[in-house]
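In the UniProt record's numbering, the protein residues as written are 1 to 198. Positions of the beta carbon are idealized from the N, C-alpha and C atoms, including for glycine.
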Amino acid sequence: AVPEWKVKQAKALYKEHYAELKRIGDQYGVQPRFIVALWGVESNFGKFTGNFRVIDALSTMAFEGRREEFFRKETMAALQILDQGHIELDNFKGSWAGAMGQCQFMPSSFLRFAADGNGDGKKDIWQSEADVFASTANYLSESGWDDKFTWGRQVKVPKGIDRSLEGRGAEKGKYLQEWSKLGITKYDGSPLPKLNED
């Protein structure tokens, strides 16, 4: 469940950046609310992007013993990002596993999906919110996003619900009526829609 303070912060940031989010959302065919939601999930709206040196983190993981080939490729992709001039080495920070910026892209994802949202010629997912929004929208668009369908719903979850129901993946999915039987409602307390889900 998303805490109420985070929902309020997301709504405030949505309003603050609406014009830019709308422009970028229209360009990529992604509703702005989903761009803001991912921004909140990935980095708490840019507050937690990691303090590890990306090259050091990736090269360590490449020789650590698990997923060596993956991290070798990511190390090479990170070097390409530096070579292309998107960020200076001293500022090239991310998570302990090399995820970078406010959208927490791995370097290969950066090379594939990062976008210049403010027109300055760089793809700065560390400092430029416009670039973060455009990169997130491009990622969703290139991954098959279709804005004609509802992806998710804001809901209210009853206290004491089994927390093992949380998560991602097909095994966690349920029909709306199954969620309703567990006491889950729309955020305003009204029932979830009754749809033919077969």
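Per-residue burial, residue i [other beta carbons within 10 Å of its own, 16 or more giving buried]
i           : result
I125        : buried
L140        : buried
G169        : exposed
L38         : buried
V2          : exposed
residue 224 : This structure gives no information on residue 224, because the portion of the chain shown stretches from 1 to 198.
I81         : buried
F105        : buried
A19         : exposed
G119        : exposed
A12         : exposed
G101        : buried
F149        : exposed
Residue(s) in a DSSP beta bridge with residue i
i    : result
M106 : M106 is not bridged to any residue.
R53  : K93
K181 : Bridge partners of K181: none, in fact.
M100 : G94, F105
D155 : Asp is not the amino acid found at residue 155; the sequence shown has Val there. V155 is bridged to K186.
Pair within 8 Å by beta-carbon distance, residue i and residue j
i    : j    : result
I24  : A114 : no
A134 : S108 : no
G121 : D131 : no
F34  : W151 : yes
N51  : K93  : yes
E74  : G98  : yes
T185 : P191 : yes
Y187 : V157 : no
E142 : C103 : no
I161 : L195 : no
L165 : K172 : yes
Cutoff 7 Å; reference residue i; Cβ partners in own chain excluding five residues on either side
i    : result
D147 : G29, V30, Q31
F71  : L58, M61, A62
N91  : W126
V7   : none
Inter-residue CB distance, residue i and residue j (contact presumed, cutoff 8 Å)
i    : j   : result
K123 : H86 : 5 Å
6 Å CB neighbourhood of residue i in its chain, flanking five on each side removed
i   : result
A10 : V36, G40
Y55 : Reading off the sequence shown, one finds Ile at residue 55, where the question assumed Tyr. A78.
Residue i: CB within 7 Å of a non-hydrogen atom of the ligand MN
i    : result
Q102 : No copy of the ligand MN occurs in the structure displayed, which carries no ligand at all.
Spatial neighbours of residue i in its chain, beta-carbon cut-off 8 Å, leaving aside the 5 residues before and after
i    : result
W96  : G50, F52, A57
Y14  : L21, P32, R33, V36
G167 : none
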